[in-house]
Structures are given as structure tokens and as C-alpha cells.
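Taking it in order: structure first as C-alpha cells, then the write-up.
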Amino acid sequence: FRTARTQGSAASRAATFRRIGRELARNPMLQASLAGLIVGMTGFPLPEAVLRISSMLGSTCAPLALFSMGMALSAQVSGSLGPFSLRQSFLPLSLIAVGKLLIYPLLAFAVMRFAGCSGVMLAAATVTFAMPVAVMVYILAERSGSCAAEASLSVVVTTVLSIATLPVVMLGLHLAGAF
Numbered sequence: 002f003r004t005a006r007t008q009g010s011a012a013s014r015a016a017t018f019r020r021i022g023r024e025l026a027r028n029p030m031l032q033a034s035l036a037g038l039i040v041g042m043t044g045f046p047l048p049e050a051v052l053r054i055s056s057m058l059g060s061t062c063a064p065l066a067l068f069s070m071g072m073a074l075s076a077q078v079s080g081s082l083g084p085f086s087l088r089q090s091f092l093p094l095s096l097i098a099v100g101k102l103l104i105y106p107l108l109a110f111a112v113m114r115f116a117g118c119s120g121v122m123l124a125a126a127t128v129t130f131a132m133p134v135a136v137m138v139y140i141l142a143e144r145s146g147s148c149a150a151e152a153s154l155s156v157v158v159t160t161v162l163s164i165a166t167l168p169v170v171m172l173g174l175h176l177a178g179a180f
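Take any residue in the sequence shown, note its place counting from 1, add 1, and you have its number in our numbering.
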């Protein structure tokens, strides 16, 4: 027999899944990706005007995302978002950086090697996983209202550290005979 607590948690989980499903369905990034997939798979020709407008809008996304992230970092460091403690952020940022810049590429290398990949395919997958945290992480965090400040810091920290880690990954690939 289910207890009231079990039923409540099941209802809560169902409500959470419905909410997440609605948020995903309304996510413009996913909608655009799905539309692009459909157009690409069907070969449906788009009018030149749609292509031109899409290109102009798309070219503004990265600079606007960086501008928005910079504003969040500025507000965080200035204290206008509340007290900021680098000491409290150090451990989570360290874990994110080590995971993203070192562990992920090692896992990608191992999985791709196990799958029989070599050469350019192995190197491309490994280097892709060795890239710093993308600005999209900040955008998603900001949009969902969770940990935007931490996400923006993780983008900056991993970008700076990747100056050192990417050459190490490339050297490791070279020594492993990937290219």
C-alpha cells in the first residue's frame, strides 16, 4: 500500500516532470534547433529573406550573451547581488574546472578509443570535451533562475585555465599517437 507521503512525492515528481516538459517545449533554443533539424532533414528551401534575417539575428547572439554575462559578473563582484565570497566559490569552481578541463577529455578519449576511433575523429572529440564551459551554460542558468552568478564564474575560470590545459590535452593526444 502506498502511504500518503509516497503518493505526495509521486505527485510532486509528476508535477516536476510536467513543468520541465513545458519549459523545454517553450525554450527558444530547443525550438530553433528542432526547426533547423526539420528543415535540414526535409530539404525544405527557405526564402532568402528568412535566411538573411536568421543570419543577422544569429550573429548578435554571442556578443549579447557575453555582454549579459559580463553584467552579471560585474554585479556579483560589486556586491549588488549580495555578498560575494571567492572562498565559498573556490571548491565548486575547482571541481567544475577539473571536471570540464581534465576529466571530461580523458573520458572522451577513453570512450572514443574503446569505440575504435583514432586519428582526427579521436582528437576532435577529445579537444571538444576539453573546451571551457560555454556561455550557453550561463544563458540557461539565467533563464532558469538558478546559479547564474556561479555559471558566469565557471565560464571565466575555465576559459582562463584552458589556456594551459588545451595545450596539455593536445600534447597528450600527440604522445598517444592520435595525430
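Where is the CB? At the ideal position from N, CA and C, for every residue including glycine.
As the structure is a prediction and not an experimental result, all values here were calculated from the model.
- The alpha-carbon of A149 is positioned some 12 angstroms away from that of S75.
- By the Cβ criterion, the stretch 107 to 117 is not in contact with the stretch 139 to 147, since fewer than three pairs of Cβ atoms, one from each stretch, lie closer than 8 angstroms.
- In the structure shown, the three-state DSSP call for R27 is coil.
- Straight across, the Cα-Cα distance linking P93 with V99 is about 10 angstroms.
- Under the three-state reduction of DSSP output, G120 falls in the helix class.
- Judged by pairs of C-beta atoms under 8 angstroms, the stretch 130 to 139 touches the stretch 66 to 73, as three or more such pairs exist.
- For the pair L47 and N28, the Cα-to-Cα distance works out to about 22 angstroms.
- Taking a contact to require three or more Cβ pairs closer than 8 angstroms, the stretch 124 to 134 and the stretch 46 to 66 do not qualify as touching.
- Assignment of A177 by DSSP, reduced to helix, strand and coil, places it in the coil class.
- The DSSP-derived three-state label of C148 is coil.
- In this structure, L167 and A131 form a Cβ contact; the two beta carbons are roughly 6 angstroms apart against a cut-off of 8 angstroms.
- Taking the Cα of L58 as reference, the smallest distance to any Cα among M30, V157, M42 and S95 is reached at M30.
- The three-state secondary structure of F68, taken from DSSP, is helix.
- Closest option to S163, judged by alpha-carbon separation, among E151, A179, I39 and T129: T129.
- Around the beta carbon of A73, 16 or more other beta carbons lie within 10 angstroms, which makes this residue buried.
- Counting the other CB atoms within 10 Å of its CB gives P133 a total of 16 or more, which places it among the buried residues.
- A Cβ-Cβ distance of about 12 angstroms is found for the pair I97 and T160, leaving them out of contact under the 8 angstroms criterion.
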